[in-house]
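There are 2 protein chains.
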Amino acid sequence: MARPKEFEVEIAVAKAASVFREHGYEGTSAQMLVDAMGIGRQSLYDTFGDKWGVYRAALTHYCHNECSAHRDTLHHAERAIDGIRAMFARVVERSSEGCLGLGSIVEFGCRHSELTEIRDRSGRFLMQVVSDAVSRAQAEGDLSGELNRDHASGFLISAIASIRVAARGGAPSSQLKAIADFTIRGLR
Amino acid sequence: MARPKEFEVEIAVAKAASVFREHGYEGTSAQMLVDAMGIGRQSLYDTFGDKWGVYRAALTHYCHNECSAHRDTLHHAERAIDGIRAMFARVVERSSEGCLGLGSIVEFGCRHSELTEIRDRSGRFLMQVVSDAVSRAQAEGDLSGELNRDHASGFLISAIASIRVAARGGAPSSQLKAIADFTIRGLR
DNA sequence: CCCATTCTTGAACGATCATTCAATAAGGAG
DNA sequence: CTCCTTATTGAATGATCGTTCAAGAATGGG
Chain A
3 MARPKEFEVE IAVAKAASVF REHGYEGTSA QMLVDAMGIG RQSLYDTFGD
53 KWGVYRAALT HYCHNECSAH RDTLHHAERA IDGIRAMFAR VVERSSEGCL
103 GLGSIVEFGC RHSELTEIRD RSGRFLMQVV SDAVSRAQAE GDLSGELNRD
153 HASGFLISAI ASIRVAARGG APSSQLKAIA DFTIRGLR
Chain B
3 MARPKEFEVE IAVAKAASVF REHGYEGTSA QMLVDAMGIG RQSLYDTFGD
53 KWGVYRAALT HYCHNECSAH RDTLHHAERA IDGIRAMFAR VVERSSEGCL
103 GLGSIVEFGC RHSELTEIRD RSGRFLMQVV SDAVSRAQAE GDLSGELNRD
153 HASGFLISAI ASIRVAARGG APSSQLKAIA DFTIRGLR
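Sequences listed follow chains A and B, in order. Per the numbering used here, residue 3 is the first one in the first sequence, and the count goes up by one each step. Per the numbering used here, residue 3 is the first one in the second sequence, and the count goes up by one each step.
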C-alpha cells in the first residue's frame, strides 16, 4: 500500500556497485552514491539504512551476478577444459573494471562477519561449479587425475584474483593471458 | 643545524606502513597515524607534508624491504627452484599481515602516477631477480626450458599476490601452500 | 653564551563526512 | 473522494576529516 518507489532498487544497487568497484568503501562518499544511483539522499537511507547497508547490498548483488556468469561460462562449453579457459578469457576481457569481491577482501579482510558471510556463500558456490568442471576435465583426460580437487579448484579461483590484481596494477593483457595459461598448465 | 628530531624517520615510516597495511589509505586517519607513529601531529606534517606524503613514504619503504627480502630468499638457496619455493614459503608464513603493494593496487589502480612509479620500480626489480632465478632453475633442469621467461616470472609474482589475497580472505594455510605448489607445477 | 633555526605541543581551523529533520507530494485502500 | 502510509525534496545536524596556527622548548653554530 501507499506510494511506490520511483526507482528500481536492483538498478540502484548495480549503480552503487560500480562506484564501490572503482573507489572502494572508504573512498566512496554518500554524495557520490546519491549522484551515481540517481536517487535522493533520504530515499537511499530509507531503503538501505546507511552507507554500510548499500555496500552490503552491492556486494551481494555483485557476487551473485559474478557467480552466475562463471557457472554459465563453465557450462556453455562441450569440453570442461574449454569452459575453464572461457572463464579465464572472460575474466581477462573484463579486467579493466575493478572486482568488488577482491576489493572487499583487500579493504576489510575478515574483520566484518557480514561481509565474510556474503563472500563465503559465493565462494562455496564457486568452489562447487569449478570443482565440478575440474572433475569433468579429469574424466575427459584434460587435467591430471591425481590432484586434490579442492585445492585445485581453490587454485583456479585464486588465479582469477591474481589476474584481476595484475590488471589493476597495469599489466598488459598478454601477461594476463599468460597467467591463465600457466595456471591451467599447473593442473595438467 | 638547530634542534634534531626526537624520533627516527624510518621507524616512524615503518609504523605508519603497518597501519596502512591493515586499514588502507582511506581507512586510516591522521589521528591513527599520530597514535601509531608515536609523534606529534605537527611533526608528522613538517616531515611528510601531508597524509599522502606519509603514504608514499610508507609504500616506498615497504616495497624496498619486500624486494630485498625476496632477493635474499632467492639467493640463499643452492638450487634456484629451492629459492623459489622458499620465497613462496615466506609469503605463506607472513600472509596474516596485509601487503601494502597489493593494497595500493586494489585501492587506487593506476590513478596516481606517484604510486605507480614506486610500484613499477619495485616491480622491475622483482622481475629481474625472479627472472634470474627462473633462468637458473631452467639451467638446472627444474623448470621447463621452453617458456617465455618474462611471462613466467610475471606469473610467479602474480601468484604471490594471489596467495596474499586468499590469506586475507580467510583461506587456510594448506590452501596457500597448494597455490604455491600448483604455481610451480605450471612452469615445469 | 647566545641567537637562529628547527622541533614539539596543544588548540583551532574550515571542509567534508555520514546521517537526519521537517515539510511536501503522491499513490493505494476503504 | 479521503485518509493513511510511504516517497521525495532540500536544508541542517553534529562528528570527524585533514590540515594549520601560535607559542614554547631545545639544540648546534658562531
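Every residue, glycine too, gets a C-beta built ideally from N, C-alpha and C. In this text the structure is predicted, and so the values were computed from the model without any measurement.
Taking the alpha helix (DSSP H) that residue i falls in, what are its first and last residues?
i: B:TYR64; result: 53 to 77
i: A:LEU117; result: 115 to 141
i: A:TYR47; result: 43 to 50
i: B:LYS17; result: 11 to 25
i: A:LEU102; result: 102 to 110
i: B:GLY85; result: 82 to 95
i: A:THR30; result: No alpha helix (DSSP H) holds A:THR30; DSSP gives it neither H nor E.
i: A:ASP183; result: 175 to 187
i: B:LEU158; result: 151 to 170
Using alpha carbons as the reference points, say which of the options lies closest to residue i.
i: A:PHE157; options: B:ALA161, B:SER155, B:ARG113 and B:ALA154; result: B:ALA161
i: B:LEU128; options: B:LEU76, B:LEU145 and B:GLY40; result: B:LEU76
i: A:GLU24; options: A:GLU99, A:SER164, A:GLY188 and A:VAL136; result: A:GLU99
i: B:ASP183; options: B:GLY172, B:GLY143 and B:ALA88; result: B:ALA88
i: A:GLN140; options: A:ILE83, A:GLN177, A:GLY188 and A:VAL94; result: A:ILE83
i: B:PRO174; options: B:SER97, B:ARG187, B:SER146 and B:GLY147; result: B:SER97
i: B:ALA16; options: B:GLU148, B:SER137, B:LEU61 and B:GLU109; result: B:LEU61
i: A:GLU142; options: A:TYR47, A:ARG81 and A:GLY26; result: A:ARG81
i: B:ILE159; options: B:LEU178, B:GLY125 and B:LYS179; result: B:GLY125
i: B:SER20; options: B:ILE120, B:GLY171 and B:CYS65; result: B:CYS65
i: B:ASN67; options: B:PHE50, B:ARG121, B:LYS7 and B:ILE107; result: B:ARG121
i: A:LYS7; options: A:ASP48, A:HIS114, A:LEU149 and A:ALA38; result: A:ASP48
i: B:GLY172; options: A:SER137, A:HIS114 and A:GLU148; result: A:HIS114
i: A:MET39; options: A:ALA4, A:ALA18, A:SER137 and A:GLY55; result: A:ALA18
Using a Cβ-Cβ distance cut-off of 7 Å, determine whether residue i contacts chain B.
i: A:ILE86; result: no
i: A:LEU82; result: Checking the displayed sequence, the identity of residue 82 of chain A turns out to be Ala instead of Leu. No, A:ALA82 does not count as interfacial toward chain B.
i: A:GLY188; result: yes
i: A:GLY55; result: no
i: A:PHE184; result: yes
i: A:ARG170; result: yes
i: A:VAL136; result: no
i: A:HIS66; result: no
i: A:ALA180; result: yes
i: A:HIS78; result: no
For residue i, collect the residues of the same chain with a Cβ closer than 7 Å to its Cβ; drop the 5 residues on either side in sequence, then sort them by chain order.
i: A:GLU116; result: ARG58
i: A:ILE181; result: ALA161, SER164, ILE165 and ALA168
i: B:ILE41; result: PHE9 and ALA14
i: A:CYS69; result: SER124, PHE127 and LEU128
i: A:THR1; result: In this structure chain A extends from 3 to 190, so residue 1 of chain A is not present and cannot be described.
i: A:GLY26; result: GLY105 and GLU109
i: A:VAL131; result: HIS72, ARG73 and LEU76
Consider the Cβ of residue i: report whether some Cβ of chain A lies at a distance smaller than 7 Å.
i: B:SER164; result: yes
i: B:GLY143; result: no
i: B:SER160; result: yes
i: B:PHE157; result: yes
i: B:GLN177; result: yes
i: B:VAL132; result: no
i: B:HIS72; result: no
i: B:VAL167; result: yes
i: B:HIS63; result: no
Excluding the five sequence neighbours on either side, which residues of its own chain have a C-beta within less than 6 Å of the C-beta of residue i, listed in chain order?
i: B:CYS112; result: THR118
i: B:LEU104; result: ALA163 and ARG166
i: B:ARG43; result: VAL36
i: A:MET101; result: According to the sequence shown, residue 101 of chain A is Cys rather than Met. Answer for A:CYS101: ARG166, listed in chain order.
i: A:ALA86; result: Correcting the residue identity first, residue 86 of chain A is Ile in this sequence and not Ala. Contacts found: ALA135.
i: A:GLU12; result: none
i: A:THR185; result: ALA161
Leaving aside the five residues before and after residue i along the sequence, list all residues of the same chain whose C-beta is less than 8 Å from its C-beta, in chain order.
i: A:ALA71; result: ARG92
i: B:ASP152; result: MET129 and SER133
i: A:VAL94; result: ILE165, ALA169, SER175, LEU178, LYS179 and ALA182
i: A:SER146; result: GLN140, LEU189 and ARG190
i: B:ALA32; result: ARG43, LEU46 and LYS53
Residues in the stretch 100 to 124 of chain B with C-beta within 8 Å of chain A's C-beta atoms, listed in sequence order?
Cβ contacts with chain A: GLY100, LEU104, GLY105, ILE107, VAL108, GLU109, GLY111, CYS112, THR118, ARG121 and ASP122.
Contact list for the stretch 9 to 40 of chain A against chain B, Cβ threshold 7 Å:
Result list: GLY26, GLU28 and GLY29.
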